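A.B. asks: Using our numbering, read the sequence shown as starting at 619 and increasing by one per residue.
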Amino acid sequence: MPILTVLNNKGGVAKTTTAINIASGLAAEGNRVLLIDLDSQANLTISTIGQENDAHVGHWLSGEKPLSEVVQPYVPNLSIIPSSKALDIYSKFIGSEEDYQFKLKDRIDSDRLTEQYDYILIDNAPSLTTLAYCSLVAATHVLIPSAPEYFSFAGIDNIMQSVANVKKRYNRQLQVLGIFFTKYHTSYRKKVANDVVEAARETFGDLVLSSTIRINASLEEAQMMRQPVYNYAPDSNGATDYANLLEEIKTRL
Ligand SMILES: Nc1ncnc2c1ncn2[C@@H]1O[C@H](COP(=O)(O)OP(=O)(O)OP(=O)(O)O)[C@@H](O)[C@H]1O
Ligand SMILES: [Mg+2]
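Here it is, written out as structure tokens:
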């Protein structure tokens, strides 16, 4: 059962946008999908169910509240474990515990989430700290969105090192599903963007997906309207690009 963690320690590269739209694409096809918001910014929570909830992922991870009090429905077949600003405090506590790396994996196992859902997706904060580590230990696959700029591209090395580290010590089955470029320029910066994709292929080879996500305002608007882009603007470039990305992802799962 695929558990995808969407990870990049760089901010604003569309981790949250990707988690929402890949999860809603899978749900629209009839799969039972769970989205876990592991970022105390709670952007995913606010762009979907629309509020910071009293019951959040920190309560669930710490065992203070059962899953049933934390999980919320979003669209058909898609549920969310929301986040909150308060997650930072929980993250500090969790990080000080022995074997904290297994915190999320143990919850997923003890609540038998792999029986209840066909896919789990995890959205992360722009960091490679405690909770991102927990997500790597729990995941089967890592999905890495990146901006098509050289600076972002260089940062992918850090993620690869963390993945290798977790794979060696805690989670042998962990795989990088792919690196893909978001906020892709189709106008004057096209050449630079293409060069970066080519350079990425030279370094990371087949790990670089062919799909790219173009800059498209509908993606941001959809989040403001708390809708998946497929519902908000089904004919937009954003909807088309995420549908293509989903198809490519499925060939690798
Ligand atoms: N392809 C795109 N075209 C236009 N806007 C986009 C695109 N992808 C994402 N955005 C917008 O860019 C902003 C940042 O995206 P998002 O929140 O998904 O990034 P993130 O990596 O999750 O950020 P953070 O690191 O803060 O968690 C959001 O306002 C989002 O709506
Ligand atoms: Mg985010």
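Cβ coordinates follow ideal geometry from the N, Cα and C atoms, glycine included.
Being a predicted model, the structure only gives us computed values, none of them experimental.
1. Apply the 10 Å Cβ neighbour rule to Q719 and answer buried if 16 or more other Cβ atoms are within range, or exposed otherwise.
2. Express the C-alpha separation of L792 and N783 in angstroms, rounding to a whole number.
3. Out of V693, T858, K723, state which residue places its alpha-carbon closest to the alpha-carbon of N789.
4. Going straight from the alpha carbon of S680 to that of S709, what length do you get?
5. Assess contact between the stretch 651-661 and the stretch 823-834, defined as three or more Cβ pairs (one per stretch) separated by less than 8 Å. Is contact present?
6. By the DSSP assignment, the beta strand (DSSP E) with D741 in it spans what residues?
7. If you reduce the DSSP assignment to three classes, tell me which class S714 lands in.
8. For L656, list the residues DSSP reports as bridge partners.
9. Between which two residues does the alpha helix (DSSP H) holding L863 run?
10. Could you tell me if A673 is buried or exposed, where buried requires 16 or more neighbouring beta carbons within 10 angstroms of its beta carbon?
11. On the premise that F771 lies in contact with A817, defined as a C-beta separation below 8 Å, what is that separation, rounded to the nearest angstrom?
12. Thinking C-beta only, is I698 closer than 8 Å to I867?
13. For T634 and N661, which I take to be in contact (beta-carbon distance under 8 Å), what is that distance rounded to the nearest angstrom?
14. Cα separation between D729 and I621?
15. Is any heavy atom in ligand 2 found nearer than 7 Å to the beta carbon of K801?
16. If we call anything under 8 Å between Cβ atoms a contact, is R650 one with D736?
17. Using the DSSP secondary-structure output, state which residues sit across from F798 in a beta bridge.
18. Between the Cα of T748 and the Cα atoms of T800, G713, S780, which residue gives the shortest distance?
19. Using the beta-carbon count (16 or more within 10 Å), is I762 buried or exposed?
20. What I want to know is whether the C-beta of T634 ends up closer than 7 Å to one or more non-hydrogen atoms of ligand 2.
21. Give the secondary structure of V631 by DSSP, where H, G and I count as helix, E and B as strand, and everything else as coil.
22. Short check: CB of F798 to CB of L827, under 8 Å?
23. Less than 6 Å between C-beta atoms, sequence neighbours within five positions excluded: which residues of the same chain meet that for K703?
24. Please state whether the Cβ-Cβ distance between Y692 and T666 is less than 8 Å.
25. Compute the minimum distance between the beta carbon of D657 and the heavy atoms of ligand 2, and state whether it is under 7 Å.
26. Express the C-alpha separation of G630 and P684 in angstroms, rounding to a whole number.
C.D. replies: Checking against the coordinates, here is how it stands:
1. Its Cβ being crowded by 16 or more others within 10 Å, Q719 is buried.
2. Near 10 Å, if we compare the C-alpha coordinates of L792 and N783.
3. The shortest Cα separation from N789 among V693, T858, K723 belongs to K723.
4. Rounded to whole angstroms, S680 to S709 spans 9 Å at the Cα level.
5. Cβ pair count under 8 Å is below three, so no.
6. Start and end: 737-742.
7. Three-state DSSP puts S714 in a helix.
8. Paired residues: N742.
9. 855-870 is the span of the alpha helix (DSSP H), which, as asked, contains L863.
10. Buried.
11. The pair is a contact, with the Cβ atoms about 7 Å apart (cut-off 8 Å).
12. At a Cβ-Cβ threshold of 8 Å, I867 and I698 do not count as neighbours.
13. Going by Cβ atoms, the distance from T634 to N661 rounds to 5 Å, so yes, they are a contact pair.
14. Their Cα atoms are separated by approximately 15 Å.
15. No - ligand 2 has no heavy atom lying nearer than 7 Å to the Cβ of K801.
16. Yes, they are a contact pair.
17. Its beta-bridge partners are P763.
18. Nearest of T800, G713, S780 to T748, Cα basis: G713.
19. I762 counts as buried, since at least 16 other C-beta atoms from the protein chains shown sit within 10 angstroms of its C-beta.
20. Yes, ligand 2 has a heavy atom inside 7 Å of this Cβ.
21. Coil at V631, not helix or strand.
22. Cβ atoms of F798 and L827: closer than 8 Å.
23. The residues are S658.
24. In this structure, Y692 lies near T666, with their beta-carbon atoms less than 8 Å apart.
25. If you check the C-beta of D657 against ligand 2, you find a heavy atom less than 7 Å away.
26. Taking C-alpha positions only, P684 is separated from G630 by approximately 32 Å.
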